[in-house]
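Visitor:
Residue numbers (my numbering), protein chains in the order written: chain A, 24 to 264; chain B, 68 to 180.
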């Protein structure tokens, strides 16, 4: 037998190379943090809603109106997510409630860790509402749990009525669909029935409301939806204490 | 582009596991990505080299394994292949299909030294 070349004798790869089985979910870390946020919000009986939509659906206008109409009944705090600028938080602060702006920079969605950090600054009051306005995007925010009680998707009638079929993930994870800008319906070829049917195809459990943040049409039903859930959150916190 | 933050999570988990196993370098990672999920494998691969720079995973090979979609059809009472999320059953045409695989995003294994 001839002498083996030096490298073959040394066999560094066989000695030092190992395969580690991991089987870890990439979103597990976000989900853990979301769970911590949820526990924190539950302890104060805060109802947190994660509002999601494409850019320009009227989310901030809707939020400003809801805050004006609900601020006498609830302590309200807002977390605003945008890629850049403090503009939306400024619009919210003009209503007199506390708002924290998160700029995600290159990010296209909010993550649980960002919301956790914002909660440190906000100090939610017992029995209050927390609105989290996600980055305008119908795709990515659907995949990230923030620790909210409910996901609310806002779609406006100036967008296509087949949006729920084109972006099914968002409508599948949402608990409530607000079909906004209903005041524009007389000027548009938008079939509300077809749009809601499309949304229910991807999520048969989805609740739907047709609203206009501009005129206030349908907003009372949204407030009733919020109030019913806020009292559940409060009752759960009292039972826990 | 959420592939960037997903990549950060991949590298974070990989580095954490590698350190726990006293590894000095990660040679390759096997990532399972479901075909029905909202993750683009090409974008993941693109982001990976940027995100792994300066970590134990620098220059590691990212192996992406696609997991095909399938679901349980309530009407046919069996598992059927799915090509789109919330799609209809390919056999009976009804939409009573609950996705059972195809949404994975999991780091399966690492090869380290």
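Think of the CB as a built atom: it goes at the ideal place given N, C-alpha and C, for glycine as much as any other residue.
Looking at chain A, which residues of the region 98-114 of chain B have a Cβ within less than 7 Å of any of its Cβ atoms?
Guide: The residues in question are 105.
Visitor: Sort out for me which residues DSSP pairs residue 72 (chain A) with in a bridge.
Guide: Taking the first chain and counting its residues from 1, the one referred to as residue 72 (chain A) is at position 49. Answer by DSSP bridge pairing, in chain order: A:154, A:173.
Visitor: What do you reckon, are the CB atoms on residue 229 (chain A) and residue 198 (chain A) nearer than 9 Å?
Guide: Reading the first chain from its first residue, position 206 is the one you call residue 229 (chain A). Reading the first chain from its first residue, position 175 is the one you call residue 198 (chain A). The answer is yes: Cβ separation under 9 Å.
Visitor: For residue 148 (chain A), report the span of its alpha helix (DSSP H) as first-last.
Guide: Numbered from 1 along the first chain, position 125 holds the residue referred to as residue 148 (chain A). Segment: none, residue 148 (chain A) is in no alpha helix (DSSP H) and carries neither H nor E.
Visitor: Quick one: any contact between the region 79-95 of chain A and the region 241-248 of chain A, if contact means 3 or more CB pairs under 8 Å?
Guide: The region 79-95 of chain A, when compared against the region 241-248 of chain A, does touch it at the 8 Å Cβ threshold.
Visitor: Compare the C-beta of residue 191 (chain A) against all C-beta atoms of chain B and say whether one is closer than 9 Å.
Guide: In the first chain, the residue the question calls residue 191 (chain A) occupies position 168. For residue 191 (chain A), the answer is yes, since a Cβ of chain B falls inside 9 Å of its Cβ.
Visitor: Cβ atoms of residue 84 (chain B) and residue 47 (chain A): under 9 Å apart, would you say?
Guide: The count along the first chain starts at 1 and reaches residue 47 (chain A) at position 24. The count along the second chain starts at 1 and reaches residue 84 (chain B) at position 17. The answer is yes: Cβ separation under 9 Å.
Visitor: Beta carbons nearer than 8 Å to chain B: which residues of the region 122-141 of chain A have them?
Guide: Flagged, chain order: 129, 130, 131, 132, 134.
Visitor: What in chain A is Cβ-close to residue 149 (chain B), meaning under 8 Å?
Guide: For this step, residue 149 (chain B) is matched to residue 82 along the second chain. The premise fails here: residue 149 (chain B) is roughly 12 Å from chain A at the closest Cβ pair, so nothing lies under 8 Å.
Visitor: Taking the C-alpha atoms as reference points, what is the distance between residue 216 (chain A) and residue 68 (chain A)?
Guide: Position 193 of the first chain, counted from the start, is the residue given in the question as residue 216 (chain A). Position 45 of the first chain, counted from the start, is the residue given in the question as residue 68 (chain A). Rounded to the nearest angstrom, the two C-alpha atoms are 36 Å apart.
Visitor: With residue 206 (chain A) and residue 179 (chain A) assumed to form a contact (beta carbons below 8 Å), what rounded beta-carbon distance in angstroms separates them?
Guide: For the purposes of this step, residue 206 (chain A) is taken as residue 183 along the first chain, with counting starting at 1. For the purposes of this step, residue 179 (chain A) is taken as residue 156 along the first chain, with counting starting at 1. Going by Cβ atoms, the distance from residue 206 (chain A) to residue 179 (chain A) rounds to 11 Å, so no, they are not a contact pair.
Visitor: Quick test of the definition: if touching needs 3 or more C-beta pairs under 8 Å, does the region 155-166 of chain B touch the region 104-116 of chain B?
Guide: Touching, no, given that fewer than three Cβ pairs across the two stretches are closer than 8 Å.
Visitor: Less than 8 Å between the CB of residue 235 (chain A) and some heavy atom of the ligand NAP, yes or no?
Guide: This structure does not include the ligand NAP; it has no bound ligands of any sort.
Visitor: Run through the DSSP bridge pairs and tell me what residue 103 (chain A) is partnered with.
Guide: Sequence index remark: in the first chain, residue 103 (chain A) carries index 80 (1-based). Note: residue 103 (chain A) sits in a beta bridge opposite A:124, A:156.
Visitor: Beta-carbon of residue 171 (chain A) versus every beta-carbon of chain B: anything under 9 Å?
Guide: Within the first chain, residue 171 (chain A) is the residue found at index 148, counting from 1. Not an interface residue.
Visitor: Just tell me which of B:141, B:130, B:151 has its CA closest to the CA of residue 163 (chain B).
Guide: In the second chain, the residue the question calls residue 163 (chain B) occupies position 96. If we check each option's Cα against that of residue 163 (chain B), B:141 comes out closest.
Visitor: Are there 16 or more other CB atoms within 10 angstroms of the CB of residue 134 (chain A), so buried, or fewer, so exposed?
Guide: The residue labelled residue 134 (chain A) in the question sits at position 111 within the first chain. With 16 or more other Cβ atoms within 10 Å, it is buried.
Visitor: From residue 82 (chain B) to residue 93 (chain B), what does the alpha carbon distance come to, in whole angstroms?
Guide: On the second chain, residue 82 (chain B) is found 15 positions in, with the first residue counted as 1. On the second chain, residue 93 (chain B) is found 26 positions in, with the first residue counted as 1. Between residue 82 (chain B) and residue 93 (chain B), the C-alpha separation is close to 8 Å.
Visitor: The alpha helix (DSSP H) that contains residue 216 (chain A), what's its start and end?
Guide: The sequence position of residue 216 (chain A) within the first chain is 193, counting from 1. That run of the alpha helix (DSSP H) goes 215-225.
Visitor: Per the DSSP calculation, residue 126 (chain B) is bridged to which residue(s)?
Guide: What you label residue 126 (chain B) is simply residue 59 of the second chain in a count that begins at 1. None; residue 126 (chain B) has no bridge partner.
Visitor: Following the continuous beta strand (DSSP E) through residue 90 (chain A), name the residue where it begins and the one where it ends.
Guide: In the first chain, residue 90 (chain A) corresponds to position 67, counting from 1. No beta strand (DSSP E) contains residue 90 (chain A), which is instead part of the alpha helix (DSSP H) from 82-93.
Visitor: So that I know if they touch, is there some Cβ in chain B lying closer than 9 Å to that of residue 48 (chain A)?
Guide: In the first chain, residue 48 (chain A) corresponds to position 25, counting from 1. Output row for residue 48 (chain A): interface = yes.
Visitor: Can you have a look at residue 186 (chain A) and say buried or exposed, based on whether 16 or more other CB atoms are within 10 angstroms of its CB?
Guide: If you number the first chain from 1, residue 186 (chain A) lands on position 163. Buried.
Visitor: Once the 5 residues before and after residue 150 (chain A) are set aside, which same chain residues still bring their CB inside 6 Å of it?
Guide: Numbered from 1 along the first chain, position 127 holds the residue referred to as residue 150 (chain A). For residue 150 (chain A), where only same-chain residues beyond five positions count, the Cβ hits under 6 Å are 68, 257.
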